[in-house]
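Protein chains in written order, with this note's numbering: chain P, 1 to 65; chain Y, 66 to 388; chain C, 389 to 667; chain F, 668 to 1009.
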Amino acid sequence: MFARRRFAVLKDLLEYVGIEPGRLHFSWISSAEAAKFQETVLAVTEAVKALGPAKHMIKDIRKVA
Amino acid sequence: MSTTQEIAAQIREAAKRLLSEGKVDCVIGFAQGTVPMREYPYFAYTPEEAENLTWSRFCCNNLSNFLVRRPKGQADKVAIVAQGCVSRNIVGLIKENQITREQVYILGVASPGMVDRNKVQALFPLKTITEVTEDGDELIVKGLGFEERVPTKKVLRQNCYTCVMRNPVIKDEMIGEESAPTHGGNIDKVAAPWEKLAPEERWAAFQETFKDCIRCYACRDACPLCYCHVCFVDEARPQWCGKTQDEADVATFHILRAFHCAGRCTDCGACESACPVGIKMRKLTSMIEKDIRELYGYTPGMDLESQPPLSVYKPNDPQEFIK
Amino acid sequence: MRNTYIPYPVRIKKAELATEDKQLKTFLLEFLNPEDAQAFDYMPGQFAELSVSGYGEIPIGIASSPTEGDDLLFTVNKVGHVSTRMHNMREGDVMGVRGPLGNSYPLKAMEGKNIVIVAGGFAVTTLRSTMVWLLHPDHRDKYGDITFVYGARTPGLLLYGDEWRQWQQRKDVNCAITIDRAVEGWDGMVGFVPAVCEQLAPKPDNAVALICGPPVMIRFTQPVFDKLGWQPEQIIMSLENRMKCGIGICGRCNVGPEYVCKDGPVFTKAQLDKLPKEY
Amino acid sequence: MADKILAKDKLGEFLGQLKKDRQVFGPQAVEGKAQWAPLQAEKDLLWEFSNTHLSPKDFFFPQTECMMRFVNQASDEQGMIMQAEPELKQARALVNIRPCDAKAMQVLDLIFVQDQMTDDFYWRDKRDKTLLVGLACNDPCPTCFCTSMNCGPHSSTGLDALLVDLGDKLLLRTLTDKAQALAEGLPEAAKADLAQAAGLKKAAEESITSRVGMDQVNAREVMDLYEAGLWDRVQESCLNCGTCTYCCPTCHCFDIQDEVQGTIGRRVRNWDNCMSWLFTVHGTGHNPRGTKKDRVRQRFMHKFKYIPMKRGGEIGCVGCGRCVQLCPVNIDVRRVVNDMNA
C-alpha cells in the first residue's frame, strides 16, 4: 500500500520524461494466482513488443567514449 | 519592509546575544562572498565572529543542509538563519529523525527572494561582472567597462517567484517583520513544464536540459534532503548507475535523485544555485511535487504534524494504473 | 611506446584455497607470452594489478620471488568484486597482470646486515618473496643473521606452510612461527607476534627489520622495537591503500606527497613519521 | 624566430591553414557563455572573453574515456585479453586557448608522463597531436591570480604559438617547431608593434591585484601544514561536491571501471575527485580520508604542497580562478592558500 503511492509517482515521472507508458506495468498478484501471473507476463511482453526496441535510457558501450 | 541590510544588522545582534549568553555554541548564517552575488555559509562561534554575518538577496545556499552534516561532537546546539524554505527543510529533517527540534534555535526571517546570478550574467553576455550591490528594489551591476541598474524582481530565481511560504513556518525568534507569504506566482502554472509537450518530444527536452551535466553532484550535495551517507549513485555493489558521461547514466542519476526527493522537496532552489553549468533541475523536481499535491494533497515541510506522503497510505489512493 | 595500462595475459596454472576460513586463495600465474615474462622484471616487495576482464583490477603484492622462475604467485583475500570473481575462477582460465608496480624492499642496501622479518596474518605475501630471495644460494651469504617471525590466529590461517617448515629446518634462519591461542595438534609457539618479538629481543645493531601486518599488530610491535633501541630508519614497512592506476597518477593512494603505488608501497618508519597517517 | 604580424583580415587564411590537416577548436559564445566547440566559421571565434567556462583539459583527458576493449566471453581466452582503444586519428588545434590553461596542460604533462612506466598512453597521444595557439589576456578577471602561480596573462609556457591582440592586428609569436609553418609568409612585427605588445603585457600583469603567497607554504614541513588549524574552518561550508575539481584545469584524478554488455566489454576511465568519500575507502571499510576535513585538506595540500615537492616547484594550480567563480559555497582558493602561507 505504501508502494502503491511510490509507484504512482514513479509512473507519472517516467511518463513525464518521455518513457512510453506501455513499458511500465503494475499488477497485484498473490502467490496463489499462477494463472494471473502468466496472463500478466504475456500481456506485458506483448505490450512491450508492440512498442519495439527502447529508444531512451539506452547505453551503448560500443560508442567511442 | 526592512531592507536586507537592516535585517543583516539584526541577525548580527541576535547572534551576538545568543553566543554571549551561551544559548548556542554556533550560529549558522551567511557571510559576504569574495565574488559578486555569492554569499557563503558562515559559522560564527564567538560574538566577534558574529560580526561577519550578513543577509542579502545573494544567500542562495540552503543552510539546513549544514544541520545534518556536522562532524560529531562539534557544536551541539546551533542557531540557524532560516527563511521559509529553509525552515520547511528543518521541519522535514525533524520529521525524518535527522535532528531534534531542541538542537536547533531558529532565527526566522522572511525571504526577500534570492537573485539568480546566471540571469544577471546573461544580461551581460561574456562580460566580467566585478560587483553587484542591492539598492532598494534594484541591483547595481558593475563590471569591466560598464555599470547598470537592474530591477531585482526581473532576476530572481524561478523558484522564488512561485514560493508558497516566504516566512518561516517554525522559529524561535523572528528577525524583522513577516512579509506577504508569496511573491504572487502560482507554482501549479509553471511546474512540470514538459507536460505541455507531446509525449514523444519530452525525452528530447529532458536531454537538452541535462546535456551539460558534469556529474559533480553539487545539486545533490547542496540539497538538505540528500543526507544519505552513501548515495545510490556511488554504491558499488550493486552499482545502480554507471559512472560515465553517457546520456543514459546521466539521466539515471537525475531521475533517481529527483525521485528520492519526492514528497520532500521544498523547492528551495539550492540545487540550481549550486550547479556550475546552470542546469535547471527544477523542471524535474517541480513535476514530482505537483504530482504529490494532486495525488495526495501534500506540500512538504509546512508543519511538524502531518505525515510524509510516501510513508503513509489511504485505502482509496489512486490505483487505476495497477492491473 | 608501450601502453602501460594494458595487462599482460596470463593463465591460472594453479589455484588453491590457502586458509581454513576459505578467505584466502593462492594463485600461480603463467605468462601466455614468454616475452612478457621477460619484461616483467621484479624484486621482492613490489606488487601488480591483477586484472579480470569485466570486473576490474586489484593491487596485490607479489608473493613469489624472481629467483623462482617466470611464474608469479599471488594470495588473494576475498573482499570485493574482483577478488570474489578470482576466487571463482579455475585453473586454465585466462586473466591479466599489470606491473611490476611500486618500489621494492631495499635488498641491496640491506646487504651485510642482520635481518628481522616480522609478519602477521595475510600480510606475509611479499615477505615470503623476500625470504625466498634472501635464502637463495646466490644471496644468502650477503646477509647476516636472518630472523623470521610469523603469526596468525590459528594454524589453519598460516600461509605458505611448505616454505616455512623448510625454513624451520635450516640452521641459517631463526624461524619463529606462532599462533594466537593454543589448539590441539599444534606443538609450535603460542602467543601474539609482539610478545614473540619481545622474547626473541632482536638486537638493533647493524640490523634492518621488515614489518608487515594488520594495524593492531603494528601498533603493539612498534613499542617492542622502540624499547630494544631500534631507530626509525631501521624499520621498514609496506603500506596498502586503495589504488586504481598503479602508476602514480589517479590520485587516491597518496600519503602526503608520496604515492603508495609508485613511491611506495615500501617506506621506512622514519619516512612515515613525517607523513600524515592517511593509510 | 622573430614575432610576426597577422592582420585580422588575414585571419581566414591563417585558420584555413590550421584546418588543412587538423580539426580546429576555439572558444565560442554558446548560450551566453564562452565554451569550447569545433570551429566552423571564422566569425564564431571569440576574441573578447575572460576565459572559457570550463577548462580545455577534456581534450586530452576526457571525462569518460574508453581505454581498452575485450570480448566478454570467459570461454574465449583470446577474447578476454584487452585490446587498446585506437589512437586519435586526426591532429587537432586549439585556437585562443588562454595562457593559464596552456600552462595547466604543461603541469599535467609532468604528472601523466613521468618515466617509462608512468607514461599515460592516452594523454600523451592527444597531447602530441594537438597544437595550442594561445591568446594573451589583455583584460584579466578580478578572480585571476596567474601571476602568483608561475604563470601570467601573456605567459607562453606550454603553447606552440601565442597571439597578442593589438586591436586591428595580431602579434604572432611562434614557440615550437610544430607552429613554425603558421608564421611563414607573414610580415615581421615592427618595433612599435613589439612595444605595444609589451605595454599590453605590463598593463595586464598590473591589473591582476589578487596576490597569493607561496613562500611559507614552500618553507613549512608537510605535517606543520597538515596539522594547521585553518582546515577546521575551511572545511566547514564545503559540500564535498566535485565542482572545484571538475572545473579545474589541473585536477586529474580518475577512476577505472569495467563495463560489459552481453558479449562486449570495455575498461573505461572517468574523472573522479578527492572530495568523494568513496575515492579512498578500502574494501574493508577503513577510509584513510574518512572525514570532510581530510578530503578538503587533501585537495589544497596536493596542489600547493605535494605537487611542488614532487615536481620541482611546479604548482598544481595556474590561477585561472574558475573554482573561485563556481564553488557553490565560495571557498576561495586565494584565501585558503594565503591562510596556508600565514
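By construction, the Cβ of each residue, glycine as well, lies at the ideal position given by its N, Cα and C atoms.
Just so it is clear, the structure is predicted and the values come from calculations on it, not from any experiment.
Subject >> chain P contact for F:R689 (CB, 9 Å cutoff) >> reply: no
Original post:
What do you get for Y:A79, buried or exposed, if any count of 16 or more other CB atoms within 10 angstroms of its CB means buried?
Top reply: buried
Original post:
Between F:Q773 and F:L826, what straight-line distance do the alpha-carbon atoms span, to the nearest angstrom?
Top reply: 9 Å
Subject >> Cross-strand partners of C:E586 (DSSP beta bridge) >> reply: C:E586 pairs with nothing; no bridge assigned.
Original post:
Ends of the beta strand (DSSP E) at Y:G208?
Top reply: E203 to G208
**OP:** Output the distance between the C-alpha atoms of Y:V220 and Y:C336, rounded to the nearest integer angstrom.
**Re:** 17 Å
**OP:** Use the C-beta contact count for P:V41: other C-beta atoms within 10 angstroms, 16 or more gives buried, fewer gives exposed.
**Re:** exposed
**OP:** Would you tell me roughly how many angstroms separate the C-alpha atoms of Y:Y226 and Y:S338, rounded to the nearest one?
**Re:** 15 Å
Subject >> Coarse secondary structure for Y:A327, derived from DSSP in three states >> reply: coil
Original post:
Would the region 781-799 of chain F and the region 747-764 of chain F be scored as touching if the rule is three or more Cβ pairs under 8 Å?
Top reply: yes
**OP:** Decide yes or no for the touch test of the region 924-940 of chain F against the region 728-747 of chain F: beta carbon pairs closer than 8 Å, at least 3 of them.
**Re:** yes
Subject >> Residues sharing a beta bridge with C:S439, DSSP >> reply: C:E445 and C:G484
Subject >> Per-residue burial, C:P454 [other beta carbons within 10 Å of its own, 16 or more giving buried] >> reply: buried
Original post:
Counting along the chain, where does the beta strand (DSSP E) carrying C:K401 start and finish?
Top reply: Y396 to L405
Original post:
Does any residue of chain P bring its CB to less than 9 Å from the CB of Y:K418?
Top reply: In this structure chain Y extends from 66 to 388, so residue 418 of chain Y is not present and cannot be described.
Original post:
With a Cβ-Cβ cutoff of 9 Å, do F:T910 and F:G983 count as a contact?
Top reply: no
Original post:
Between the region 444-465 of chain C and chain F, which residues of the former have CB atoms less than 9 Å from a CB of the latter, in chain order?
Top reply: G444, E445, I446 and N465
Original post:
Fully enclosed by the region 847-887 of chain F, which alpha helix (DSSP H) runs are 4 residues long or longer?
Top reply: 858-874 and 882-886
Original post:
So what does DSSP say about Y:C150, is it helix, strand or coil?
Top reply: helix
Subject >> Sheet register partners of F:M735 (DSSP bridge) >> reply: F:A751 and F:R934
**OP:** Anything in chain P within Cβ reach of F:Q649, meaning under 9 Å, just list it in chain order.
**Re:** A query on residue 649 of chain F cannot be resolved here, the shown segment of chain F reaching from 668 to 1009 and no further.
Subject >> Pairwise C-alpha distance: Y:F271 and Y:H319 >> reply: 10 Å
Subject >> Where F:W703 falls: helix, strand or coil (DSSP) >> reply: strand
Original post:
Where do the N-terminal and C-terminal ends of the beta strand (DSSP E) with F:K836 fall, by residue?
Top reply: K836 to T841
**OP:** Would you check if the distance between the CB atom of C:L405 and the CB atom of C:C649 is smaller than 9 Å?
**Re:** no
Original post:
Which residue or residues does DSSP assign as beta-bridge partners of C:T566?
Top reply: C:G539 and C:M577
**OP:** Can you say whether Y:I76 is buried or exposed, counting buried as having 16 or more other CB atoms within 10 angstroms of its CB?
**Re:** buried
Original post:
In chain order, what residues of the same chain lie with their CB nearer than 7 Å to the CB of Y:T247, ignoring the 5 residues before and after it?
Top reply: C228, V229 and R231
Original post:
Thinking just about the alpha-carbon of each residue, which of Y:E242, Y:Y361, Y:T69 and Y:L128 is nearest to the one in Y:W120?
Top reply: Y:T69
Subject >> Y:L103, buried or exposed, once every other Cβ within 10 Å from all chains shown has been counted against 16 >> reply: Looking at the sequence itself, residue 103 of chain Y is Arg, so the reference to Leu does not match. Flag for Y:R103 reads buried.
Subject >> The alpha helix (DSSP H) enclosing F:T912, as first and last residue numbers >> reply: T910 to C914
Subject >> Straight-line gap, C:Y396 to C:G549 (C-alpha atoms, nearest Å) >> reply: 29 Å
Subject >> Integer Cβ distance of F:K700 from F:A771, believed to fall under 8 Å >> reply: Not a contact, Cβ separation roughly 19 Å.
**OP:** Indicate whether at least one CB of chain D lies closer than 9 Å to the CB of Y:N154.
**Re:** Chain labels in this structure do not include chain D; the protein chains are P, Y, C and F.
**OP:** Round the Cβ separation of Y:R222 and Y:G334 to the nearest angstrom and send it over; I've been treating them as touching at under 8 Å.
**Re:** 5 Å
Original post:
From which residue to which residue does the alpha helix (DSSP H) around F:V927 run?
Top reply: Here F:V927 belongs to no alpha helix (DSSP H); instead the beta strand (DSSP E) covers F921 to Q928.
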